[in-house]
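Going down the list, the protein sequences come from chains B and U. For the record, in the first sequence the residue sitting at position 44 is 44 according to the working numbering, with numbers rising by one throughout. For the record, in the second sequence the residue sitting at position 232 is 232 according to the working numbering, with numbers rising by one throughout. The beta carbon of each residue, even a glycine, is placed where N, CA and C say it ideally should be. Worksheet for the structure shown next.
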Amino acid sequence: MKQFFTFVKKEFYHVLRDRRTLLILFGMPLAQILIFGFALTNEIKNARVVIVDHAKDDASRSLIERISASNYFEIQEDVMDRARMETAFKEGKIKLAILFPANFQHDLRHQNQAPIQLIADASDPNYATTLTNYVSSIIQDYQSELNETVALPYRITPEIRMLYNPQLKGAPNFVPGVMALVLMLVSVMMTAISIVREKETGTMEILLVSPFKPVWVILSKAVPYLILSLVNVLSIVLMSVFVLQLPVEGSWLLLFAESTLFIITCLTLGIFISIKTKSQQVAMLISLMGMLLPTMMFSGFMFPIENMPMPLQVISNIVPAKWFYIIVKSIMIKGLGLAAIWKETLILSGIALFFFVISLRSFKIRLE
Amino acid sequence: MRTIRFLLEKEFRQIFRNRAILILIMVMPVMQLIILPLAADFEVKNINLSVVDHDHSPYSRQLISKITASGYFRLQGYHASLKDAYQLIEEDKVDLALEIPNGFERNLIRENEQQLFIAVNAINGTKAGLGSAYLSSILRDYNQEIRMEWISPTRLQPLPIVEVIPKNRFNPQLNYQFFMVPGILAILLTMVGGFLSALNIVKEKEIGTIEQINVTPIRKHHFILGKLIPFWILGNVVFTLGLVVSWIIYDIFPQGNILAMYGFIWIYLLAVLGFGLLVSTYTDTQQQAMFVMFFFMMIFILMGGLFTSIDSMPGWAKWIAALNPVSYLVEVMRMIILKGSGWAAILSHLGILLAFAVVLNGWAILNYRKTN
Numbered sequence: 001m002k003q004f005f006t007f008v009k010k011e012f013y014h015v016l017r018d019r020r021t022l023l024i025l026f027g028m029p030l031a032q033i034l035i036f037g038f039a040l041t042n043e044i045k046n047a048r049v050v051i052v053d054h055a056k057d058d059a060s061r062s063l064i065e066r067i068s069a070s071n072y073f074e075i076q077e078d079v080m081d082r083a084r085m086e087t088a089f090k091e092g093k094i095k096l097a098i099l100f101p102a103n104f105q106h107d108l109r110h111q112n113q114a115p116i117q118l119i120a121d122a123s124d125p126n127y128a129t130t131l132t133n134y135v136s137s138i139i140q141d142y143q144s145e146l147n148e149t150v151a152l153p154y155r156i157t158p159e160i161r162m163l164y165n166p167q168l169k170g171a172p173n174f175v176p177g178v179m180a181l182v183l184m185l186v187s188v189m190m191t192a193i194s195i196v197r198e199k200e201t202g203t204m205e206i207l208l209v210s211p212f213k214p215v216w217v218i219l220s221k222a223v224p225y226l227i228l229s230l231v232n233v234l235s236i237v238l239m240s241v242f243v244l245q246l247p248v249e250g251s252w253l254l255l256f257a258e259s260t261l262f263i264i265t266c267l268t269l270g271i272f273i274s275i276k277t278k279s280q281q282v283a284m285l286i287s288l289m290g291m292l293l294p295t296m297m298f299s300g301f302m303f304p305i306e307n308m309p310m311p312l313q314v315i316s317n318i319v320p321a322k323w324f325y326i327i328v329k330s331i332m333i334k335g336l337g338l339a340a341i342w343k344e345t346l347i348l349s350g351i352a353l354f355f356f357v358i359s360l361r362s363f364k365i366r367l368e
Numbered sequence: 001m002r003t004i005r006f007l008l009e010k011e012f013r014q015i016f017r018n019r020a021i022l023i024l025i026m027v028m029p030v031m032q033l034i035i036l037p038l039a040a041d042f043e044v045k046n047i048n049l050s051v052v053d054h055d056h057s058p059y060s061r062q063l064i065s066k067i068t069a070s071g072y073f074r075l076q077g078y079h080a081s082l083k084d085a086y087q088l089i090e091e092d093k094v095d096l097a098l099e100i101p102n103g104f105e106r107n108l109i110r111e112n113e114q115q116l117f118i119a120v121n122a123i124n125g126t127k128a129g130l131g132s133a134y135l136s137s138i139l140r141d142y143n144q145e146i147r148m149e150w151i152s153p154t155r156l157q158p159l160p161i162v163e164v165i166p167k168n169r170f171n172p173q174l175n176y177q178f179f180m181v182p183g184i185l186a187i188l189l190t191m192v193g194g195f196l197s198a199l200n201i202v203k204e205k206e207i208g209t210i211e212q213i214n215v216t217p218i219r220k221h222h223f224i225l226g227k228l229i230p231f232w233i234l235g236n237v238v239f240t241l242g243l244v245v246s247w248i249i250y251d252i253f254p255q256g257n258i259l260a261m262y263g264f265i266w267i268y269l270l271a272v273l274g275f276g277l278l279v280s281t282y283t284d285t286q287q288q289a290m291f292v293m294f295f296f297m298m299i300f301i302l303m304g305g306l307f308t309s310i311d312s313m314p315g316w317a318k319w320i321a322a323l324n325p326v327s328y329l330v331e332v333m334r335m336i337i338l339k340g341s342g343w344a345a346i347l348s349h350l351g352i353l354l355a356f357a358v359v360l361n362g363w364a365i366l367n368y369r370k371t372n
């Protein structure tokens with residue numbers, strides 16, 4: 001046992017001496033939370049819109065004033081012909097064009113119907129749809145104001161209650177995801193690289209010929225990254241509570257326990273990769289492409305899993321981050337206990353056990 | 001000149017000797033291009049619905065069939081009480097619960113007004129917002145249908161209606177893959193260019209072979225050119241491979257000026273490789289280089305306007321996006337591939353990228369010391 005702790009101490013020295021990597025390891029969750037929390041949003045703000053008013057009558061002016069008054073758009077008024085509009089779209093200068101026809105007010109009053117054309121740059125379909133919806137709803141409001149005096153009979157009014165996240169904030173969705181991502185990154189990549197580096201630089205031989213059992217060598221490499229990852233979990237949760245105002249509804253202890261389980265799963269994955277690869281570059285690329293990308297894609301926090309075609313949904317079941325994401329959401333956002341997440345916990349433990357066993361099996365004492 | 005030729009020969013031999021990396025570089029982009037657009041579908045559909053119907057009247061049944069007919073919702077079942085539905089929401093089996101009160105049909109006609117209760121799992125704010133918006137609009141339609149049933153159209157005062165005619169340019173079918181693929185090509189290019197160049201030089205540092213190069217009379221700029229050119233070529237190869245794959249699988253072919261696109265890619269590669277070079281001069285081990293590159297790549301990709309729009313970002317974030325080469329690349333890719341732009345549209349972007357390339361490469365060369 002004393003030998004084990006000596007090795008762990010050595011590993012800690014290695015990790016702590018590498019200031020640059022340490023900086024990135026702690027800085028990354030911070031940067032991610034800041035970016036996801038404050039920079040990335042699916043809402044529309046400052047959308048570049050051009051209004052082409054051929055009518056210039058009272059109705060069109062008042063509607064245009066309405067649209068400008070809302071803070072979503074950056075309005076530019078211009079009488080553009082088709083060609084100029086096309087160029088403006090192509091150069092990305094405008095995202096939406098609103099066209100009022102020449103007889104707008106006249107048609108509205110006398111024929112009870114007047115068209116407004118919205119031309120959207122649909123190269124980003126969701127943005128275009130949301131933008132069109134925003135403008136349409138402003139127009140709808142204007143219309144119902146015109147018809148205010150008529151009280152519609154037989155009204156069905158929906159009362160909508162948003163559960164767990166009444167303000168529709170983005171944080172509840174991505175904070176668990178960032179946690180999964182960062183833990184996966186640190187545990188898998190760092191462990192894999194650190195073991196393979198010893199192989200590459202030749203110091204692994206020295207460790208292998210020592211009377212110390214090789215299994216303990218590997219495990220001692222995993223310990224510092226376990227501690228590091230737990231520190232990262234703490235910093236992410238603290239940031240989420242104090243900076244994003246997203247509290248932990250459930251038990252902190254359970255959250256940390258489950259995080260430890262997930263970290264151990266990732267560590268075993270990293271160990272497995274390190275056993276199978278010979279060069280650092282390959283280990284890095286495999287961890288990056290083989291682990292990180294699938295985690296980002298299939299954990300469910302960036303892209304909804306239910307939208308994916310069936311085969312991809314099946315693949316997502318093998319990705320440990322998917323289960324961890326569900327677990328963290330249940331504990332942090334919904335405030336549930338172990339009873340609700342025992343199934344996911346079992347699956348994670350199963351994955352960890354599986355990789356641990358095959359790592360043990362594949363580990364060779366002699367270098368090839 | 002001859003020195004560069006020899007250096008290039010050495011580099012290419014080393015690249016081709018490393019089978020694993022080569023395969024990874026070729027296969028990975030293809031895998032990403034195939035899987036990512038399939039996975040990245042932000043459209044809100046397949047919303048799991050639970051209905052708590054206390055009325056069981058023809059109206060409530062009509063409403064429910066209208067909701068399921070819309071295609072956005074999947075009816076998971078009828079449940080006896082709201083409590084049961086809440087339990088299902090907690091277990092993530094259901095996203096939205098609709099409660100129709102007892103006497104709905106009768107009271108709507110007699111008292112002219114009825115309320116429906118909708119509970120939504122709002123952890124995913126976008127999904128909750130859009131889902132409830134869809135449901136509300138279906139309700140409005142249904143409401144109007146009932147009105148038409150009871151009031152003959154002539155008795156309703158004619159209301160002036162503003163008819164909104166939406167038109168979607170460049171992507172009429174609102175195909176999400178059109179949006180993702182140019183972005184993914186951009187990511188691929190950036191990652192291949194950035195990572196490979198940084199890792200390559202740092203590996204030499206770590207193994208010690210860089211000492212051997214440093215004691216030769218090879219000049220700094222020869223050395224750096226010798227490192228840049230192979231990866232520049234590799235970047236072009238990966239990009240072309242990506243284009244071919246997106247043509248075959250997604251039927252996406254650049255609508256605009258292909259030469260303009262390649263011209264931009266060439267300058268962009270220089271900038272990205274320069275960045276990789278810069279990182280390699282500041283790091284000592286491959287692990288460090290990897291992590292630093294990854295950190296910056298992650299920020300670049302997230303803030304590049306790939307998944308969310310740059311316009312919606314707050315002021316400080318827009319500054320970061322302006323300093324981010326990836327945001328220009330993504331814009332140019334979308335412009336040329338989807339909108340059919342040409343040289344004129346990308347001139348300003350080209351100029352900015354040129355400035356990036358010069359600054360980054362210059363900084364890297366200045367920073368690189370043959371003697372320590």
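Contact belief for residue i with residue j at Cβ below 8 Å, rounded distance in angstroms
{"i": "Leu131/B", "j": "Ile51/B", "result": "The pair is not a contact, with the Cβ atoms about 13 Å apart (cut-off 8 Å)."}
{"i": "Arg135/B", "j": "Ile94/B", "result": "Per the sequence shown, the amino acid found at residue 135/B is Val instead of Arg. 13 Å between Cβ atoms; not a contact."}
{"i": "Gln76/U", "j": "Lys93/U", "result": "6 Å"}
{"i": "Val52/U", "j": "Leu98/U", "result": "7 Å"}
{"i": "Thr281/U", "j": "Ala355/U", "result": "Not really, about 20 Å apart at Cβ, beyond 8 Å."}
{"i": "Ala222/B", "j": "Leu267/B", "result": "5 Å"}
{"i": "Pro158/B", "j": "Ile118/U", "result": "5 Å"}
Close-in-space but distant-in-sequence residues of the same chain around residue i (CB under 6 Å, 5 per side omitted)
{"i": "Gln76/B", "result": "Val50"}
{"i": "Val248/B", "result": "Met332"}
{"i": "Ala321/B", "result": "Ala180, Met184, Thr295 and Ser299"}
{"i": "Phe38/B", "result": "none"}
Cross-chain neighbours of residue i in chain U, by beta carbon under 7 Å
{"i": "Ile139/B", "result": "Val162 and Val164"}
{"i": "Gln143/B", "result": "Ile161 and Val162"}
Residues near residue i by beta carbon distance below 8 Å, same chain, minus five either side
{"i": "Ile47/U", "result": "Tyr72, Phe73, Arg74, Asp95, Leu96, Lys127, Gly131 and Tyr134"}
{"i": "Gln32/B", "result": "Val178, Leu181 and Val182"}
{"i": "Leu277/B", "result": "The sequence as given places Thr at residue 277/B; Leu does not occur at that position. So the qualifying residues of the chain are Ala192, Val196, Ala283 and Ile286."}
{"i": "Ile249/U", "result": "Leu33 and Ile34"}
{"i": "Gln105/B", "result": "Ala55, Asp57, Asp58, Ala59, Ser60 and Ala114"}
Beta-carbon spacing of residue i, residue j below 7 Å
{"i": "Ile263/B", "j": "Pro29/B", "result": "no"}
{"i": "Tyr142/B", "j": "Arg66/B", "result": "yes"}
{"i": "Val164/U", "j": "Ile64/B", "result": "no"}
{"i": "Val186/B", "j": "Leu25/B", "result": "yes"}
{"i": "Val330/U", "j": "Ala186/U", "result": "yes"}
{"i": "Met189/B", "j": "Tyr225/B", "result": "no"}
{"i": "Leu225/U", "j": "Ala357/U", "result": "no"}
{"i": "Ala198/U", "j": "Gly305/U", "result": "no"}
{"i": "Ser259/B", "j": "Val217/B", "result": "no"}
{"i": "Gly274/U", "j": "Asn361/U", "result": "yes"}
{"i": "Phe100/B", "j": "Ile119/B", "result": "no"}
Proximal residues to residue i (C-beta, below 7 Å), its chain only, five neighbours per side dropped
{"i": "Ala317/U", "result": "Met303"}
{"i": "Phe104/U", "result": "Asp55, Ser57, Tyr59, Ser60 and Gln114"}
{"i": "Ile184/U", "result": "Gln32, Leu33, Leu36 and Pro37"}
{"i": "Asp107/B", "result": "Gln113 and Ala114"}
{"i": "Leu174/U", "result": "Asn168"}
Contact test: residue i Cβ vs the ligand PLP heavy atom, cutoff 6 Å
{"i": "Lys329/B", "result": "Annotation note on the ligand PLP: not contained in the displayed structure, which lists no ligands."}
Contacts of residue i in chain B (Cβ-Cβ under 9 Å)
{"i": "Ser132/U", "result": "Pro158, Ile160 and Met162"}
{"i": "Asp311/U", "result": "Ile44, Lys45, Asn46, Ala47, Arg48, Glu74, Lys95 and Tyr127"}
Partners in chain B for residue i, counting only beta-carbon separations shorter than 7 Å
{"i": "Leu139/U", "result": "Ile156 and Pro158"}
Per-residue contacts from residue i into chain B (C-beta, under 8 Å)
{"i": "Pro58/U", "result": "What Pro58/U touches in chain B: nothing, since even the nearest Cβ is about 15 Å away."}
{"i": "Val52/U", "result": "By Cβ distance, chain B contributes nothing, its closest Cβ being about 13 Å from Val52/U, past 8 Å."}
Chain-ordered neighbours of residue i on chain U, where CB pairs are closer than 9 Å
{"i": "Phe38/B", "result": "Met313, Pro314, Trp316 and Ala317"}
{"i": "Met297/B", "result": "Ile35, Leu36, Ala39 and Ala40"}
Worksheet item: Looking at C-beta atoms only, is the number of pairs between the stretch 207-216 of chain B and the stretch 2-17 of chain B that lie closer than 8 Å three or more?
Response: yes
Discussion item. For the stretch 222-236 of chain U against the stretch 1-13 of chain U, do three or more pairs of beta-carbon atoms, one drawn from each stretch, fall closer than 8 Å, so that the two count as touching?
Written reply: With the rule of 3 Cβ pairs closer than 8 Å, the stretch 222-236 of chain U counts as touching the stretch 1-13 of chain U.
Discussion item. Under 8 Å, with one C-beta from each stretch per pair, do the stretch 321-328 of chain U and the stretch 252-259 of chain U reach the 3-pair mark?
Written reply: no
Discussion item. Quick check: the stretch 49-63 of chain U against the stretch 204-220 of chain U, are at least 3 beta-carbon pairs closer than 8 Å?
Written reply: no
Worksheet entry | the stretch 20-34 of chain U / the stretch 240-249 of chain U touching (three or more Cβ pairs under 8 Å) | Yes: the two stretches touch, three or more of their Cβ pairs being nearer than 8 Å.
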